[in-house]
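Working notes, structure below.
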Amino acid sequence: MRLAVVDSERCVGCQSCMFACARRQDEVGLAETCLGVRSVGGMERGFIVVVCRACDDPPCAKVCPTDALKPRDGGGVHLDVAKCIGCGHCRDACLIGAVFWDEEISKPMICIHCGYCVRFCPHGVLTLEEREVPGHARK
Amino acid sequence: MLASDTLANILYVDLSKKHYWIESRQDLFEKHVGGAGVAIQLLHEECPEGCDALNKENPVIFAVGPLTGLFPLASKTVAMFKSPHTGNLGESHCGGRSAVAIRMAGYGAIVIKGASDIPLYLAIHGNQVYFRDASSLWGMENSFTVGRIIRENEPGAGLRTIMRIGGAGEKLVSYACVTTETYRHFGRLGLGTVFGSKKLKGIVISGKRSLPVSDRKHYREVYDEIYQMAVTSSVMKKYHDLGTAENVLPLNQLGGLPARNLKEARFEEASGISGETFAEQYLGRRFACSHCPVGCIHIAALREPYADEAYFYKTSMISYDYEPIYALGSMLGISDAKGFLRLMEQVEVFGLDAMSTGVVLAWVTEAQEKGIISEKETTGIKLGWGDYHAYINAVRLIVEQPNEFYEALAHGVEHASSIYGGKDYALAFGGNEMPGYHTGPGAHTGVLIGSRQSHLDNAGYGIDQKVLVKKQLQPEELTQALLEEERWRQILSSLVVCFFARGIYQPDTVSRALHSAGFDLAPEELNRIGEKIHGEKYRFKTREGFSLDNLRLPKRIFETPSSVGLLDEEYIRSAVEHVGKLLIKGKA
Numbered sequence: 000m001r002l003a004v005v006d007s008e009r010c011v012g013c014q015s016c017m018f019a020c021a022r023r024q025d026e027v028g029l030a031e032t033c034l035g036v037r038s039v040g041g042m043e044r045g046f047i048v049v050v051c052r053a054c055d056d057p058p059c060a061k062v063c064p065t066d067a068l069k070p071r072d073g074g075g076v077h078l079d080v081a082k083c084i085g086c087g088h089c090r091d092a093c094l095i096g097a098v099f100w101d102e103e104i105s106k107p108m109i110c111i112h113c114g115y116c117v118r119f120c121p122h123g124v125l126t127l128e129e130r131e132v133p134g135h136a137r138k
Numbered sequence: 000m001l002a003s004d005t006l007a008n009i010l011y012v013d014l015s016k017k018h019y020w021i022e023s024r025q026d027l028f029e030k031h032v033g034g035a036g037v038a039i040q041l042l043h044e045e046c047p048e049g050c051d052a053l054n055k056e057n058p059v060i061f062a063v064g065p066l067t068g069l070f071p072l073a074s075k076t077v078a079m080f081k082s083p084h085t086g087n088l089g090e091s092h093c094g095g096r097s098a099v100a101i102r103m104a105g106y107g108a109i110v111i112k113g114a115s116d117i118p119l120y121l122a123i124h125g126n127q128v129y130f131r132d133a134s135s136l137w138g139m140e141n142s143f144t145v146g147r148i149i150r151e152n153e154p155g156a157g158l159r160t161i162m163r164i165g166g167a168g169e170k171l172v173s174y175a176c177v178t179t180e181t182y183r184h185f186g187r188l189g190l191g192t193v194f195g196s197k198k199l200k201g202i203v204i205s206g207k208r209s210l211p212v213s214d215r216k217h218y219r220e221v222y223d224e225i226y227q228m229a230v231t232s233s234v235m236k237k238y239h240d241l242g243t244a245e246n247v248l249p250l251n252q253l254g255g256l257p258a259r260n261l262k263e264a265r266f267e268e269a270s271g272i273s274g275e276t277f278a279e280q281y282l283g284r285r286f287a288c289s290h291c292p293v294g295c296i297h298i299a300a301l302r303e304p305y306a307d308e309a310y311f312y313k314t315s316m317i318s319y320d321y322e323p324i325y326a327l328g329s330m331l332g333i334s335d336a337k338g339f340l341r342l343m344e345q346v347e348v349f350g351l352d353a354m355s356t357g358v359v360l361a362w363v364t365e366a367q368e369k370g371i372i373s374e375k376e377t378t379g380i381k382l383g384w385g386d387y388h389a390y391i392n393a394v395r396l397i398v399e400q401p402n403e404f405y406e407a408l409a410h411g412v413e414h415a416s417s418i419y420g421g422k423d424y425a426l427a428f429g430g431n432e433m434p435g436y437h438t439g440p441g442a443h444t445g446v447l448i449g450s451r452q453s454h455l456d457n458a459g460y461g462i463d464q465k466v467l468v469k470k471q472l473q474p475e476e477l478t479q480a481l482l483e484e485e486r487w488r489q490i491l492s493s494l495v496v497c498f499f500a501r502g503i504y505q506p507d508t509v510s511r512a513l514h515s516a517g518f519d520l521a522p523e524e525l526n527r528i529g530e531k532i533h534g535e536k537y538r539f540k541t542r543e544g545f546s547l548d549n550l551r552l553p554k555r556i557f558e559t560p561s562s563v564g565l566l567d568e569e570y571i572r573s574a575v576e577h578v579g580k581l582l583i584k585g586k587a
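These protein sequence lines map, in sequence, to chains F and C.
Reminder that position 67 of the first sequence reads as 66 in numbering that gives the first Met the number 0, one-by-one numbering, no gaps.
Reminder that position 401 of the second sequence reads as 400 in numbering that gives the first Met the number 0, one-by-one numbering, no gaps.
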């Protein structure tokens, strides 16, 4: 399963998903959220919804010098916090900006595709979708 | 409250000395909760008695509450200051990203003191405050452009609020607003004017942090309950479907929609500017304040050709709500939705309070009709009901103030009518232009006795529509009902819960939500605090010269039948008198 954006044009920018992500991690607020909603450049033009798209061949993992980020079954990556040295290469490697940063511990925050945020999207912008496991099929 | 909660932090900024500091004021929040409760205390502390509202001594205070960032819909920021428009208590509320941004930056309140010698905008990013030279923005009359430039110059996309003023604030029009996120406003009572007097062109605030809660399991349960109510409850439905514009047709049908300077309370062409018409023909996008799943903000897309070049168009995005539709629509006899939107856009560009602007223009139109104002004063403009082109020109002149007449208009209808006459149809209450309800005695009494002369103080129009249409109330019963509502609303505005969610945040729910923030306050205790906050506002008002004994009631409201028939002046006077008695009793 992976988190996906169905239609960002339906987003009203309420950020309920961002608050949900924090609660899922037993936090409250916006410091620990692994997805982001911001305006395109003025709210009248709509919103950009940044979520990890669980790449088949994730660039963030490829640039990790310590193997802290490893491709995960079904796409995306798994973070081993103990191995991570906080170099930030993963953040630079993600073109869509879906590697968020925990300022407190200077390490990345990685979406685990749990889908909790989907339950708090009032307008059907987000979904949790089944998909083929190309990472395995590609062999 | 919880000891580790940054809500207790108050950021003080001195614009004169370009200096800032943070003080922890846990006492203040423990006692007065947040929002309006804390802001009125800070105003008492910071605003010298009798000070000129445009003097640097007048502080600007922003406050949010303990539920902000914790629960949905607690996303309003309360601003307090001395109003340059009424010379008394200035209080205005705004949503957008403002409240969540202030909370995430690590503050419960921000106090802005002094005045700058050069134009500035403030950039508050977490615990860092930067004084940015805004000389290149000064003189820029379009608030949209100001927002765009600050947006491109500052970090924090998605996590920030951008407050700014347009030309009206710089030119000290006494009812200039502060705009945030392009479409939300600290609309009433001239906060934009106070910004202008301080040479403060804007404020950007951003931050992100984790907040403490007391009992995580309980917190998540209450959260889910409130969230579910917000997205499924019928009490929120009207706000996300047609938005507040939904009120146009029902109010018109009831005969409570002020039209043509309240010469009528029914507008025969109301369907042209109804919520339904806007939704069908113009609604281009909806969006929400931070942490509110409702999404009541309705934006019209207006596509227009340029006159000078074929196949060349622009599409403007313009917000609409009930009150602007009343003030810049029916009140001016405008039934052409396109015309209303154009006028609305002009008002937004300059950063004026849409409600006051509409009522001022309506008064001028009638004054011109009656011959007390000539085209000499208006510099050749002939205002006529429905002629939006003329109104757009007049709005520009109110901001530019080329002569004494427009200078007078830039100070509101109370002031202008005190110079030029026409008081009987100058529709201001306590110096503030009226809102869009001629529903009965509740609406007008409510605004008159409201602590900030706003229809939202106590929603008297609601009592008209729910109670007075069915049965009579004695004046003292009306007063009692208004005060009861206004006192409870002090709690909502101290939590900074949006009034649209008042049906969700009932006393019991408020108590349970507050438990998560470390406040254990039973509903009775909340009522007591609400009453106290209301008393504190009246203490400020009285200090600054407000008196229930000399309130002016424009004759017009007694000439035009309301939803419940012709109004009786004696009845309203008697209701006002009871406020005095009840307030004194409350103190004892």
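All C-beta atoms in this analysis are idealised placements derived from N, C-alpha and C, irrespective of residue type, glycine included.
{"Query": "Below 8 Å on the Cβ atoms is my contact criterion, and I expect Val98(F) with Ile109(F) to pass it. Report the Cβ-Cβ distance as a whole number of Å.", "Result": "7 Å"}
{"Query": "For Ala389(C) and Phe266(C), what's the separation of their Cα atoms in angstroms?", "Result": "20 Å"}
{"Query": "Should the segment 80-95 of chain C be regarded as contacting the segment 183-195 of chain C, the criterion being three or more beta carbon pairs within less than 8 Å?", "Result": "yes"}
{"Query": "Is the separation between the beta-carbon of Val495(C) and that of Thr67(C) shorter than 9 Å?", "Result": "yes"}
{"Query": "Going along the segment 225-247 of chain C in order, which residues come within less than 7 Å of chain F, judged by CB to CB distance?", "Result": "Tyr226 and Val230"}
{"Query": "Ala299(C) to Tyr281(C), Cα distance in whole Å?", "Result": "5 Å"}
{"Query": "What number of angstroms, rounded off, separates the C-alpha of Val575(C) from the C-alpha of Ile109(C)?", "Result": "34 Å"}
{"Query": "Can you list the residues of chain F that Phe277(C) reaches, using a CB-CB cut of under 8 Å?", "Result": "Residues of chain F passing the Cβ test: none, with the nearest at roughly 15 Å."}
{"Query": "Could one say the Cβ of Pro249(C) lies closer than 9 Å to chain F's Cβ atoms, at least one of them?", "Result": "no"}
{"Query": "Who are the Cβ neighbours of Ser213(C) in its own chain at under 8 Å, not counting the five residues just before and after it?", "Result": "Leu1, His514, Ser515, Ala516 and Gly517"}
{"Query": "Using CA atoms only, rank isn't needed, just tell me which of Glu322(C), Ala361(C) and Ile21(C) is closest to Glu245(C).", "Result": "Glu322(C)"}
{"Query": "Quick one: what does DSSP say Trp487(C) is sitting in, helix, strand or coil?", "Result": "helix"}
{"Query": "Residues bridged to His92(C) by DSSP?", "Result": "Val77(C)"}
{"Query": "What do you get for Tyr106(C), buried or exposed, if any count of 16 or more other CB atoms within 10 angstroms of its CB means buried?", "Result": "buried"}
{"Query": "Rounded C-beta distance between Val363(C) and Leu382(C)? I'm assuming under 8 Å.", "Result": "6 Å"}
{"Query": "May I have the straight-line CA-CA distance separating Pro506(C) from Ala521(C), to the nearest angstrom?", "Result": "8 Å"}
{"Query": "Val468(C) and Gly593(C) - do their beta-carbons sit closer together than 9 Å?", "Result": "Lying outside 0 to 587, the shown extent of chain C, residue 593(C) is not represented and no answer is given."}
{"Query": "In three-state DSSP terms, what is Arg131(C)?", "Result": "strand"}
{"Query": "So with CB distances below 7 Å, who are the chain F contacts of Glu347(C)?", "Result": "Neighbours of Glu347(C) on chain F: none; closest Cβ ~11 Å, over 7 Å."}
{"Query": "Leaving aside the five residues before and after Ser97(C) along the sequence, list all residues of the same chain whose C-beta is less than 6 Å from its C-beta, in chain order.", "Result": "Thr76, Thr160 and Thr179"}
{"Query": "Counting only the same chain and skipping the five closest in sequence on each side, list residues whose C-beta sits under 6 Å from that of Tyr11(C).", "Result": "Trp20 and Val110"}
{"Query": "Going by DSSP, what residue range makes up the beta strand (DSSP E) through Glu128(F)?", "Result": "Leu125 to Glu128"}
{"Query": "Going by DSSP, name the residue or residues bridged to Ala258(C).", "Result": "Glu263(C)"}
{"Query": "Whole beta strand (DSSP E) runs in the segment 57-137 of chain F with 3 or more residues, listed along the chain?", "Result": "68-70, 76-78, 99-101, 106-108 and 125-128"}
{"Query": "Counting only Cβ pairs nearer than 9 Å, list the residues of chain F close to Phe80(C).", "Result": "Those do not exist, as Phe80(C) stays about 26 Å from chain F at its closest Cβ, beyond 9 Å."}
{"Query": "Residues in the same chain with beta-carbon distance under 8 Å from His398(C), minus the five sequence neighbours each way, listed in chain order, please.", "Result": "The residue you asked about is not His; residue 398(C) is Val in the sequence shown. If we look at Val398(C) and ignore the five residues flanking it on each side, its Cβ neighbours are Glu140, Gly166, Ala167, Lys170, Val172, Phe349, Leu351 and Ala409."}
{"Query": "Cβ closer than 7 Å: which chain F residues qualify as neighbours of Glu180(C)?", "Result": "Met42"}
{"Query": "Residues in the same chain with beta-carbon distance under 8 Å from Phe557(C), minus the five sequence neighbours each way, listed in chain order, please.", "Result": "Leu565, Leu566, Asp567 and Glu568"}
{"Query": "Taking Glu303(C) as part of the beta strand (DSSP E), name the residues at either end of that continuous run.", "Result": "Ile296 to Pro304"}
{"Query": "Give every residue of the same chain whose Cβ lies closer than 7 Å to the Cβ of Gly294(C), excluding the five residues on either side of it in the sequence, and list them in chain order.", "Result": "His239, Arg285, Phe286 and Ala287"}
{"Query": "Cβ closer than 7 Å: which chain F residues qualify as neighbours of Cys291(C)?", "Result": "Cys13"}
{"Query": "Give every residue of the same chain whose Cβ lies closer than 7 Å to the Cβ of Thr126(F), excluding the five residues on either side of it in the sequence, and list them in chain order.", "Result": "Ala3, Val5 and Val117"}
{"Query": "Taking C-alpha atoms, which residue in Gly64(C), Cys46(C), Ala62(C) and Val63(C) lies nearest to Glu673(C)?", "Result": "With chain C represented from 0 up to 587, any question about residue 673(C) goes unanswered, as that position is not in the structure."}
{"Query": "Mind listing the chain C neighbours of Gly45(F)? Cutoff is C-beta to C-beta under 8 Å, in chain order.", "Result": "Arg284"}
{"Query": "Along the chain, where does the beta strand (DSSP E) containing Val36(F) start, and where does it finish?", "Result": "Gly35 to Ser38"}
{"Query": "Can you give me the Cβ contacts of Lys198(C) inside the same chain, cut-off strictly under 7 Å, excluding the 5 residues immediately before and after it?", "Result": "Ala114, Ser115, Ile117, Pro118 and Leu119"}
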